Amino acid sequence: MLSILRTSLSGLLMGALYVRASAVAFIDPRIGGGSLLDDAAPGLGEPLNIIVSGLSSPGVLTDSGITNYAKALGFSIECLGIHLGAPQSANLGDGNGPVNQTMELRQDFGDAEVGTCLETLIGGNHFRVFRQNGPLANTGALFLAASREEDLEEGHTIIPDGYNIGRDQFVADALGQRTFGGFVYSTTAENITGLLPVGSTGINHGIAIDGIVTLITVTILATPKASPDFFDQSDI
Ligand SMILES: *[C@@H]1O[C@H](CO)[C@@H](O)[C@H](O)[C@H]1NC(C)=O
Ligand SMILES: *[C@@H]1O[C@H](CO)[C@@H](O)[C@H](O)[C@H]1NC(C)=O
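If you use mature numbering (1 follows the signal peptide of the UniProt record, and there is no 0), the sequence shown corresponds to residues -23 to -1, 1 to 213, in order.
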């Protein structure tokens, strides 16, 4: 019994990439029967090609936190709250099974009010958010399915090479220091191969991917609070 426990525990630890102190960046969803491809259509998925590390400042990993961070990168909530297209689900191997995206954000072209409507019409970058927080892998990491879309006339589908382009554009926008709503963010990135397949087999719209997942770690350097505990990091 104890040895079984040890074996599965060491299996888990080996799968827990980038172990630092007592927390982990994320746990490979495949260990718990999940996948880095979401469920977009029967037998087809879109790549979860960006992971926001669980070692990021906790304030980035909440729904409002990732929304504010996304705004710092030029994204916004969807056009007037109207959602085009069905939600996609993903199994992050955390024991929750397949779960629908928690939200979807679109590039706002510099205008948080009508900008996302512009994206809906002319196309642009967007991403879906999935949170790894089930009992088997409660890392708090966010798995993002980023892609670049055609305009509405083209049926709002993904452009050629749109998964790789969407990921790289997001990361290029994120790297370094960014600010929104009084929050100052610092972001670092590293590429990971081997989590996703390479090619177009099983990929939604038959668009090939390069198999790279970019792991980003986001640190909140400053919050809007102008109180004496401004630099108290414990609540961010
Ligand atoms: C996702 O949302 C759709 C539409 O609301 C719903 O029909 C479906 O059952 C949901 N899937 C999961 C896995 O929760
Ligand atoms: C990750 O890979 C992409 C595509 O090859 C590349 O453009 C990007 O610079 C890489 N990023 C890092 C942090 O290595």
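Ideal placement from N, C-alpha and C gives every residue a C-beta, glycine not left out.
On a predicted model such as this, the values are computed, not experimentally measured, just so you know.
Buried or exposed for residue 202, please, with buried defined as at least 16 other CB atoms from any protein chain shown within 10 angstroms of its CB. As a first step, residue 202 must be located in the sequence shown, where it is residue number 225. Residue 202 is exposed by the Cβ-count criterion.
Can you tell which of 139, 159 and 198 has its C-alpha closest to the C-alpha of residue 187? Start at 1 with the first residue of the sequence shown, and residue 187 comes out as number 210. Of 139, 159 and 198, the residue nearest in Cα terms is 139.
Three or more C-beta pairs below 8 angstroms linking the region 137 to 155 and the region 45 to 52: As far as the Cβ criterion goes, the region 137 to 155 touches the region 45 to 52, which means the pair count is three or higher.
Under a criterion of Cβ closer than 7 angstroms to any non-hydrogen atom of ligand 2, which residues qualify, in chain order? Proximity to ligand 2 was defined by a C-beta distance below 7 angstroms to any of its heavy atoms, and the residues meeting it, in sequence along the chain, are 141, 145, 148, 166, 167, 168, 187, 189 and 191.
Residues bridged to residue 18 by DSSP? By 1-based counting over the sequence shown, the position of residue 18 is 41. In the DSSP output, where bridge partners are listed per residue, residue 18 has 21.
Chain-order list of residues whose beta-carbon lies under 7 angstroms from that of residue 30 (same chain, five-residue window excluded): Position 53 of the sequence shown, counting from 1, holds the residue named residue 30. Here the set comprises 2, 3, 118, 192, 193 and 194.
Cβ-heavy atom distance, residue 102 to ligand 1, below 7 angstroms: Against the sequence shown, residue 102 aligns to sequence position 125. Result no, Cβ not under 7 angstroms from ligand 1.
Residue environment, residue 274, which counts as buried when at least 16 other CB atoms sit within 10 Å: Residue 274 lies beyond the residue range present for the chain, which begins at -23 and ends at 213; the question has no answer from this structure.
What does the Cβ neighbour count give for residue 168, buried or exposed, with the cut at 16 atoms within 10 Å? Position 191 of the sequence shown, counted from the start, is the residue given in the question as residue 168. Answer is exposed; the Cβ neighbour count stays below 16.
Measure the C-alpha to C-alpha separation of residue 36 and residue 26 and round it to an integer number of angstroms. What you label residue 36 is simply residue 59 of the sequence shown in a count that begins at 1. What you label residue 26 is simply residue 49 of the sequence shown in a count that begins at 1. Their backbone Cα atoms lie some 22 angstroms apart in a straight line.
I'd like the list of long-range same chain contacts for residue 50, defined as Cβ closer than 8 angstroms, with 5 residues on each side in sequence excluded. Residue 50 sits at position 73 when you count from the first residue of the sequence shown. Within the same chain, and ignoring the five residues on either side of residue 50 in sequence, the residues whose Cβ sits closer than 8 angstroms to its Cβ are 147, 150, 151 and 155.
Mind checking whether residue 23 and residue 122 have CB atoms under 8 angstroms apart? In the sequence shown, counting from the first residue as 1, residue 23 sits at position 46. In the sequence shown, counting from the first residue as 1, residue 122 sits at position 145. Cβ atoms of residue 23 and residue 122: closer than 8 angstroms.
First and last residue of the uninterrupted beta strand (DSSP E) at residue 104: On the sequence shown, residue 104 is found 127 positions in, with the first residue counted as 1. Start and end: 102 to 108.
Excluding the 5 residues flanking residue 32 on each side, which residues of the same chain have their C-beta closer than 7 angstroms to its C-beta? Here residue 32 refers to the residue found at position 55 of the sequence shown. Taken in chain order, the residues that qualify are -4, -1, 2 and 194.
Using a strict less-than 5 angstroms threshold between each residue's beta carbon and the heavy atoms of ligand 1, what residues do you get? So the residues near ligand 1 by this Cβ test are 64, 66, 75 and 77.
Helix, strand or coil for residue -15? Go by DSSP, reduced to three states. Position 9 of the sequence shown, counted from the start, is the residue given in the question as residue -15. Its pLDDT being 40, under 50, residue -15 is placed unreliably in this model, and the coordinates cannot settle the point.
Beta-carbon within less than 8 angstroms of residue 10's beta-carbon, same chain only, minus the 5 sequence neighbours each way: which residues are those? By 1-based counting over the sequence shown, the position of residue 10 is 33. Excluding the 5 residues flanking it on each side, residue 10 has same chain C-beta neighbours closer than 8 angstroms at 68 and 70, in chain order.
Would you check if the distance between the CB atom of residue 73 and the CB atom of residue 111 is smaller than 8 angstroms? Against the sequence shown, residue 73 aligns to sequence position 96. Against the sequence shown, residue 111 aligns to sequence position 134. Yes, Cβ-Cβ distance for residue 73 and residue 111 is below 8 angstroms.
Spatial distance of residue 196 from residue 109 (CA atoms): If you number the sequence shown from 1, residue 196 lands on position 219. If you number the sequence shown from 1, residue 109 lands on position 132. Residue 196 and residue 109: Cα-Cα distance of roughly 19 angstroms.
Mapping the DSSP letters down to three states, classify residue 195 as helix, strand or coil. The residue you call residue 195 lines up with position 218 of the sequence shown. Here residue 195 sits in strand by DSSP.
What does a CB cutoff of less than 6 angstroms around residue 57 pick up in its chain, not counting 5 residues either side in sequence? Taking the first residue of the sequence shown as 1, we reach residue 57 at position 80. The pLDDT assigned to residue 57 is 44, lower than 50, so where the model puts this residue is not dependable; a value taken from the coordinates is nonetheless given after this. Closer than 6 angstroms at the Cβ level, and outside the excluded window around residue 57, lies no residue.
Please look up how many angstroms separate the CB atoms of residue 190 and residue 173, rounded, as I've assumed it's under 8 angstroms. Residue mapping note: residue 190 aligns to position 213 of the sequence shown, counting from 1. Residue mapping note: residue 173 aligns to position 196 of the sequence shown, counting from 1. Taking a contact as a CB-CB distance under 8 angstroms, the pair residue 190 and residue 173 counts as one, their CB atoms being some 6 angstroms apart.
For residue 177, which residues in the same chain have their Cβ closer than 8 angstroms to its Cβ, ignoring the five residues on either side in sequence? Position 200 of the sequence shown, counted from the first residue, corresponds to residue 177. Cβ within range, chain order: 183, 184, 185 and 186.
Mind checking who residue 27 pairs with in its DSSP beta bridge? The residue you call residue 27 lines up with position 50 of the sequence shown. Answer is 121 and 191, bridged to residue 27.
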